[in-house]
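Colleague: I have a structure here, written as structure tokens, and I will follow up with some questions on it.
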Amino acid sequence: MKSILEAVVAAALVLVVGSCAITSGGSVSDVPRDSAGDPDVFEDVTYEEMDQRILETLERVRERLAREVGSEWSSGIPGSETTACPGGMLGNYRLGDFTGPIPDDRWETAQRLVMEEFAPLGVTEIIVLRDEPGHHVIEIVGDYGFTVSLRSAELADLIAFGPCIADR
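Residue numbers for the sequence shown follow this note's numbering, so the first one is 1259 and each next one is one higher.
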């Protein structure tokens, strides 16, 4: 029962935090996930180009987590799920399930490498949602709703919500 409750609470946190961004001052401010940002922010990147960049980044993260952290995966990377937002489109991505937890002594390495790989795509801040032995949850966020969620517990996964890219 406790694990079901934890899963429900974690899912709710993903939904709540996924609709926010961190300002440079460190406070949370509402940024609509469902509205496209200034097209200049992404230097005329189309949705298709951003989708491809995110999928390539997920593949690199998956390879690095396996090599540097020892994470094994029970499934391949599924494609993105496209969602329309006013003035644009965004993608939702799931890296797949770990076959086991990320060990506590490798957690910092895991979160660092995820941040390194996603930083070129515009994620800038890490939010720690849970930091307990055997169970860590972070959100790495950027502009216009770009969110990457990483969980360390058994059968945890990495989920990314791409930014809302304006129609061009």
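Ideal placement from N, C-alpha and C gives every residue a C-beta, glycine not left out. Everything numeric in this text was worked out from a predicted model, so none of it was measured.
Alpha carbon to alpha carbon, how far is Glu1330 from Val1381? Give it in angstroms, no decimals.
Modeller: For the purposes of this step, residue 1381 is identified with residue 123 of the sequence shown, where counting begins at 1. For the purposes of this step, residue 1330 is identified with residue 72 of the sequence shown, where counting begins at 1. Their backbone Cα atoms lie some 25 angstroms apart in a straight line.
Colleague: Using only the alpha-carbon positions, how far apart do Gly1358 and Ala1324 sit?
Modeller: Locating residue 1358 in the sequence shown gives position 100, where the first residue counts as 1. Locating residue 1324 in the sequence shown gives position 66, where the first residue counts as 1. Answer to the nearest angstrom: the Cα atoms are 12 angstroms apart.
Colleague: Quick check for students: name the residue ranges of the beta strand (DSSP E) that lie wholly in the stretch 1381-1420, counting only runs of 3 or more.
Modeller: List check, beta strand (DSSP E) in window: 1381-1390, 1393-1400, 1405-1409 and 1415-1419.
Colleague: Go through its chain and collect everything with a Cβ distance to Ser1338's Cβ below 6 angstroms, but skip five positions before and after it.
Modeller: Position 80 of the sequence shown holds residue 1338. These residues qualify, in order along the chain: Asp1309, Gly1349 and Tyr1351.
Colleague: How many angstroms separate the CA atom of Leu1387 from the CA atom of Tyr1402?
Modeller: Counted from its first residue, the sequence shown places residue 1387 at position 129. Counted from its first residue, the sequence shown places residue 1402 at position 144. Roughly 20 angstroms between the two C-alpha positions.
Colleague: Over what stretch of residues does the alpha helix (DSSP H) that includes Arg1322 continue unbroken?
Modeller: Here residue 1322 corresponds to residue number 64 of the sequence shown, with the count starting at 1. Here the alpha helix (DSSP H) through Arg1322 covers Tyr1305 to Arg1322.
Colleague: Look at Ile1423 and Val1327 and say whether their C-beta atoms are less than 8 angstroms apart.
Modeller: Working through the sequence shown from its first residue, we reach residue 1423 at position 165. Working through the sequence shown from its first residue, we reach residue 1327 at position 69. In this structure, Val1327 does not lie closer than 8 angstroms to Ile1423 by Cβ.
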